[in-house]
Amino acid sequence: MAYAGSQIAYIQWGYIIVWAVLLLTFFALAYLPYRAACVRTNLSRCPEVHVEPSTRISVDSQGKQDTSVILVLDNRKIFHNVTYFTFFFYIVLGLFGCLLTIIKGMILGIMYLSRLDKCGLVNGFETWDKGYMNYVSFLHFEECHRHPVLLVFCDILIDGMPHDRNQARLNTYGTVDDVSKDVTYSSSWTALGRPRRRWLKAYTMVRNSSVRAKQIEADYDTLEDIDITDLSDQAIIDVSNNDLPNTGVAHHVKRSCTWIITINQC
């Protein structure tokens, strides 16, 4: 919520400051006394202002296409003299350039004040801008909840849950019936799984000769001691026609399955 509150506050301040600066600027231009001669002079210099950038662009593009031999200094004395004078020239130019940089920074800071993704401070001092840090925290929060690996993992977990059980939980989530529904879920899922487990147990017992020979069914609570035989050598067995001997295993098969078990050859 810090990100949302900071975003709204910065947008309001940016709106107010931008409009205040624009109003002051245009009022100053409207009431500023000027002469017609100055206007004509400035208009006459407009072509020069446009010609200089176009000339630089054309020279730069032409220089990039030039594949001739690189120029070499033939007179080092002239080069040193030019370097000496240009050194002081660029000192004066840097003083005015620094002022222009400050003015540009102020203008851009006012224009992008409402943008939290644009830090108004220099690199290394981003933590001083609370709005920008709230924006970064929001991005970390989104990344934690929208990470591709996390989403795939959650989808696998949801797909692995029973459909009816999951749908019932989603439909009754947040209601008073959640406490009572848990008992229904567990009992219904157990009731649905019991016939399947009985079928698998009967199938294993019928298809293994070592299990048929046993008279006591309690000795085979697990499948570790069962000798699994080749399923392809077994014949088709009909439980409903009393083909099995009258043993505990046969009785369990008849009780668990009321239909005919037909086993195809593997």
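Reading the sequence shown from the start, the letters are residues -16 to 249 in our numbering.
For glycine and all other residues, C-beta sits at the position ideal for the given N, C-alpha and C.
**OP:** Kindly indicate which three-state DSSP category Leu15 falls into: helix, strand or coil?
**Re:** coil
Subject >> Exposure label - Gly157; buried when at least 16 CB within 10 Å >> reply: In this prediction, Gly157 scores a pLDDT of 46, lower than 50, which makes its location untrustworthy; the coordinate-derived value is nonetheless stated afterwards. Exposed: under 16 other Cβ atoms inside 10 Å.
Original post:
Would Ala185 be called buried (16 or more neighbouring beta carbons within 10 Å of its own) or exposed?
Top reply: buried
Original post:
What number of angstroms, rounded off, separates the C-alpha of Met144 from the C-alpha of Gly176?
Top reply: 14 Å
**OP:** Could you tell me the distance, in whole angstroms, from the CA atom of Gly107 to the CA atom of Ile74?
**Re:** Each residue's Cα considered, the two are about 28 Å apart.
Original post:
Looking at Leu99 and Trp(-4), is the spacing between their C-beta atoms short of 8 Å?
Top reply: No, the Cβ-Cβ distance between Trp(-4) and Leu99 is not below 8 Å.
Original post:
If you drop the 5 nearest sequence neighbours on each side, which residues of the same chain put their C-beta closer than 8 Å to that of Trp111?
Top reply: For Trp111, the CB contacts under 8 Å within the same chain, skipping 5 residues up- and downstream, are Leu104 in chain order.
Subject >> Under the three-state DSSP convention, the category Cys81 falls into >> reply: helix
Subject >> Assigned secondary structure, Phe108 (DSSP; H/G/I helix, E/B strand, else coil) >> reply: Looking at Phe108 - three-state DSSP - the assignment turns out to be coil, as it is neither helix nor strand.
Original post:
Thinking C-beta only, is Ile(-9) closer than 8 Å to Asp93?
Top reply: What sits at residue 93 in the sequence shown is Ile, not Asp. No, the Cβ-Cβ distance between Ile93 and Ile(-9) is not below 8 Å.
Original post:
Which residues mark the beginning and the end of the alpha helix (DSSP H) in which Asn191 is found?
Top reply: Segment: none, Asn191 is in no alpha helix (DSSP H) and carries neither H nor E.
Original post:
Helix or strand or just coil, what does DSSP make of Asp142?
Top reply: In this structure, Asp142 counts as helix in the three-state DSSP scheme.
Subject >> Contact check, Gly114 vs Tyr(-2), beta carbons under 8 Å >> reply: no
Original post:
Buried or exposed: Met188, going by 16 or more other Cβ atoms within 10 Å of its Cβ?
Top reply: buried
Original post:
Counting along the chain, where does the alpha helix (DSSP H) carrying Leu122 start and finish?
Top reply: 113 to 128
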